[in-house]
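Protein chains in written order, with our numbering: chain A, 38 to 228; chain B, 163 to 216. Ideal placement from N, C-alpha and C gives every residue a C-beta, glycine not left out.
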Amino acid sequence: MMGVADTCFLIDWARFSQRDLLFELFELVLVPEQVLAEVRSESTLLWLSRQLGRRRLQLLTPLPRQLEEAYRIVRASYAIHGLRRLDLPEAICLVVGREHGYVVLTENRGALMIREVLPELSDVVVWRALEVLRELLLRQHVSARSEEEVRALFRRYEEETLHIFPRDELEAVVEEVLRSARGRGTRGAEG
Amino acid sequence: MADWDFIRSQPPRLRAALELYVETGDLRLAQRISGLVLEDFVELLKKAGLRTGL
Chain A
38 MMGVADTCFL
48 IDWARFSQRD
58 LLFELFELVL
68 VPEQVLAEVR
78 SESTLLWLSR
88 QLGRRRLQLL
98 TPLPRQLEEA
108 YRIVRASYAI
118 HGLRRLDLPE
128 AICLVVGREH
138 GYVVLTENRG
148 ALMIREVLPE
158 LSDVVVWRAL
168 EVLRELLLRQ
178 HVSARSEEEV
188 RALFRRYEEE
198 TLHIFPRDEL
208 EAVVEEVLRS
218 ARGRGTRGAE
228 G
Chain B
163 MADWDFIRSQ
173 PPRLRAALEL
183 YVETGDLRLA
193 QRISGLVLED
203 FVELLKKAGL
213 RTGL
């Protein structure tokens with residue numbers, strides 16, 4: 038699986054002690070250069086550069102036509118009432134995600150919302166850290182033998198990154214993970 | 163949960179940005195109002211007890 042990541046995802050994810058788990062899911066994650074330009078903290082830049090060196094991340098220079106389409110998406114986000122605004126970095130991620138079927142990694146809810154109003158983006162898969170952690174659990178890249186262990190993973194992410202998951206969505210993901218575990222017949226996952 | 167004491171203690175531009183974010187959940191618009199780069203604005207949100215992805 039391939040991904041393309043924007044700034045607000047990376048600046049949180051880079052603070053997570055288990056951040057390298059990202060590469061259990063993704064063989065490669067693209068980082069548009071406009072995203073890299075927004076990263077300022079030393080620790081985040083060090084992790085990014087290390088992963089670029091290991092070729093787990095790859096820097097992406099968007100083509101002119103991709104930039105043009107991204108600008109169009111940005112304009113749409115400003116023009117359509119009720120949408121959260123997008124800026125160029127996450128719009129580029131959506132364009133690349135749509136063109137290549139890559140998973141877009143972002144925390145900007147505007148990227149989730151715009152898929153509902155622009156038909157050409159409706160099939161783009163967008164994951165936040167919530168979905169990434171969910172997939173790590175569902176695909177058993179992270180072992181969790183009980184409800185407490187499932188919740189502990191999300192709690193650890195919140196504590197380390199100071200990112201707060203929406204409670205209702207977190208509960209839905211926890212239930213989904215536990216249901217999947219029950220379906221696999223995993224002992225001890227029933228909480 | 164939002165730390166309103168922190169939010170109200172901020173300089174006008176940052177306070178306006180934080181309040182706008184609470185009201186609309188619009189990360190990029192609030193960031194523009196703040197005048198901060200995204201990473202710094204997200205840090206400010208965390209200090210204010212707010213989360214991205216509202």
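8 angstroms Cβ cutoff, residue i in contact with chain A
i                 : result
Asp188 of chain B : yes
Gln191 of chain B : The residue asked about is misnamed: residue 191 of chain B is Leu in this sequence, not Gln. Yes - at least one Cβ of chain A is within 8 angstroms of the one on Leu191 of chain B.
Glu201 of chain B : yes
Arg213 of chain B : yes
Val184 of chain B : no
Beta-bridge partners of residue i, as assigned by DSSP
i                 : result
Ala42 of chain A  : A:Leu142
Val163 of chain A : A:Val141
Residue i in three-state terms, based on DSSP
i                 : result
Val169 of chain A : helix
Val204 of chain B : helix
Phe191 of chain A : helix
Leu199 of chain A : coil
Met163 of chain B : coil
Phe168 of chain B : helix
Arg194 of chain B : helix
Arg152 of chain A : coil
Leu180 of chain B : helix
Asp205 of chain A : helix
Val199 of chain B : coil
Pro173 of chain B : coil
Asp49 of chain A  : helix
Ser54 of chain A  : coil
Arg219 of chain A : helix
Buried versus exposed, by CB contacts within 10 Å (16 or more), residue i
i                 : result
Thr98 of chain A  : exposed
Trp50 of chain A  : buried
Val154 of chain A : exposed
Glu144 of chain A : buried
His200 of chain A : buried
Tyr115 of chain A : exposed
Pro173 of chain B : exposed
Ser180 of chain A : exposed
Trp84 of chain A  : buried
Glu208 of chain A : exposed
Pro69 of chain A  : buried
Test: residue i CB closer than 8 angstroms to a CB of chain B
i                 : result
Gly222 of chain A : no
Arg135 of chain A : no
Glu208 of chain A : no
Ile201 of chain A : yes
Asp205 of chain A : no
Ile48 of chain A  : yes
Where are the beta strand (DSSP E) runs, 3 residues long or more, that stay fully inside the segment 56–142 of chain A, in chain order?
-> Taking only runs of at least 3 residues, the beta strand (DSSP E) segments lying wholly in the segment 56–142 of chain A are 65–69, 94–97, 140–142.
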